[in-house]
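Below is one structure, written out as structure tokens, with a few remarks after it.
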Amino acid sequence: MNGQSIFKLMIGSPRLPKPWEPLYEEAQAFIAWADAIPESTSRGLLPMVWSVREKLTYQDGGGLNGYLKERGMTKKGWKALNSLSVEQTAEVFTFYRARGEQSWPARLVTPAETARDASVEVSASLLVVLAEAEISLEGIGAPYDEDWKLMIRALSREIAGKSLAECQDVAGDAILVRDFLTGGDVDIVPSTTWDDLKVQARQWTEELVLDGDDAAPAAALPAEITARPVMTPGGEDRLVDGQSGLVVVRLIELSDFRRESELMSHCIGHGNGYFNKHLNGTGAFYSFRREGVERPVATLELAVNDGDWRICQCRGPFNQDPGVESADLSNRLREAHQLGGEIRKASYEVLAQVVGQTMELDHTSSRYF
557 MNGQSIFKLM IGSPRLPKPW EPLYEEAQAF IAWADAIPES TSRGLLPMVW
607 SVREKLTYQD GGGLNGYLKE RGMTKKGWKA LNSLSVEQTA EVFTFYRARG
657 EQSWPARLVT PAETARDASV EVSASLLVVL AEAEISLEGI GAPYDEDWKL
707 MIRALSREIA GKSLAECQDV AGDAILVRDF LTGGDVDIVP STTWDDLKVQ
757 ARQWTEELVL DGDDAAPAAA LPAEITARPV MTPGGEDRLV DGQSGLVVVR
807 LIELSDFRRE SELMSHCIGH GNGYFNKHLN GTGAFYSFRR EGVERPVATL
857 ELAVNDGDWR ICQCRGPFNQ DPGVESADLS NRLREAHQLG GEIRKASYEV
907 LAQVVGQTME LDHTSSRYF
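Quick note: the sequence shown uses the working numbering, first residue 557, plus one each step.
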């Protein structure tokens, strides 16, 4: 398959861009680049190489291999990635490009090895769902790993033959199931289906709420840790969003996470894994609230991998959809983190037609919130 065919797959179009269209220059650059790469590099790897080409020593399969090895990939994971067809990797390229992520190949390393360890067929949809839900077998020893492997097999059966677009809801459910396996009383057998696991996970979440209502006073938490490896954009941990009027509160201390989970009756903040993610600098958590209302509107989890920030989940009370307003605010927060928390700067031209003058206003600033 030549560069033209691969690029058409990557943009999801039956034709190449015309000279006046935005992707024309990239298309020409990709075609010349792809056609010059030796056939010894699998065509299925080319969308991955292209995405991270600026980070590679060599822009071919060998360069990608070295880049991923630095991020923990083993021979097993490399073999799994090489098993993907160019149609599959092109679909993943399109999926992540729409979200503004470039370093996505690094996010597939752990899922590829997890799929191999669980003895399931490696597919693009499975790897993306595992990556989105951050499901892996790392640190899970026998006999508990058997439950996780059975869960991954049930997940693999659920998404078999589905496109990435059809797997978005599955990824959200996978986060709930992951938390259930981490903290619940799990009963999985080879015949357990993905629907069974979703039901068990939601029942467990409801039981957490009931247990919280009847629980004895909690033991005192250890001395609070207020580390902030990732700074809040703008430097303020509590501010009012000018567009929605929502109060945005950064979750910093362990008690913040626990309280958020209790108020919202969901799992974000319930397990130590969420707080550890904050401490490790691989995530940032926010609570969206309204003045004078105790229960928040939504809880947002952001994650960063190799410089790319993404939205892991944004959930309302009882895991409900928090709505368009919270989704928009989540996207703006992600963008603020991606740009390093800087104030967005722009230049505008103001045309004064009456006097025939053009004035340029440099560095006109607008806040994200």
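Note that the Cβ used here is the ideal one computed from N, Cα and C, for glycine as well. Quantities reported herein were computed from a predicted structural model and do not represent experimental measurements.
Under the DSSP assignment, VAL685 falls outside any beta strand (DSSP E), being part of the alpha helix (DSSP H) whose first and last residues are 680-689. For the set ASP703, GLU714, LEU711, the Cα lying nearest the Cα of GLY740 is the one of ASP703. Within a 10 Å sphere around the beta-carbon of GLY801 sit fewer than 16 other beta-carbons, which makes this residue exposed. Its Cα nearest to that of THR855, the residue GLN869 stands out among GLY848, GLN869, GLU847.
Distance between PHE736 and GLN756, taken at the CA atoms: about 8 Å. Sorting PRO878, PHE649, HIS893, GLU763 by C-alpha distance to the C-alpha of ALA662 places PHE649 at the top. For secondary structure counted as the alpha helix (DSSP H) over 4 or more consecutive residues, the region 856-906 holds these complete runs in sequence order: 880-894. For TYR842 and VAL745, the gap between their C-alpha atoms comes out near 37 Å. In this structure the region 677-692 touches the region 716-726; the number of beta carbon pairs closer than 8 Å is three or more. For ALA854, the three-state secondary structure derived from DSSP is strand.
By the beta-carbon neighbour count (other beta carbons within 10 angstroms, threshold 16), ALA588 is exposed. With at least 16 other beta carbons inside 10 angstroms of its own, GLY600 counts as buried. Nearest C-alpha to GLY879 among ASN861, TRP634, PRO852: PRO852. Counting C-beta atoms within 10 angstroms of its own C-beta, LYS574 has fewer than 16 neighbours from the protein chains shown and is therefore classed as exposed. Residue state for LEU795 is assigned as strand, using DSSP reduced to three classes. One alpha carbon belongs to ARG672, the other to ASN828, and they sit about 27 Å apart. Taking a C-beta distance under 8 Å as the contact criterion, MET604 and LEU620 qualify as a contact pair. Rounded to the nearest whole angstrom, the C-alpha separation of GLN584 and ARG571 is 13 Å. In the three-state reduction of the DSSP assignment, VAL742 falls in the coil class, being assigned neither a helical nor a strand state. A straight-line Cα-Cα distance of about 11 Å links ARG888 and LEU858. Taking all protein chains shown into account, TYR830 has 16 or more neighbouring C-beta atoms within 10 Å of its C-beta and is therefore buried. Comparing alpha-carbon positions, the option among SER712, TRP634, THR670 lying closest to LEU693 turns out to be THR670. Per DSSP, VAL803 is one residue of the beta strand (DSSP E) stretching across 803-806.
Within the same chain, Cβ atoms closer than 7 Å to the Cβ of THR613 are found at GLY619, GLY622, the five residues on either side in sequence being excluded. Residue pairing of TYR842 in beta bridges, as defined by DSSP: ARG806, LEU856.
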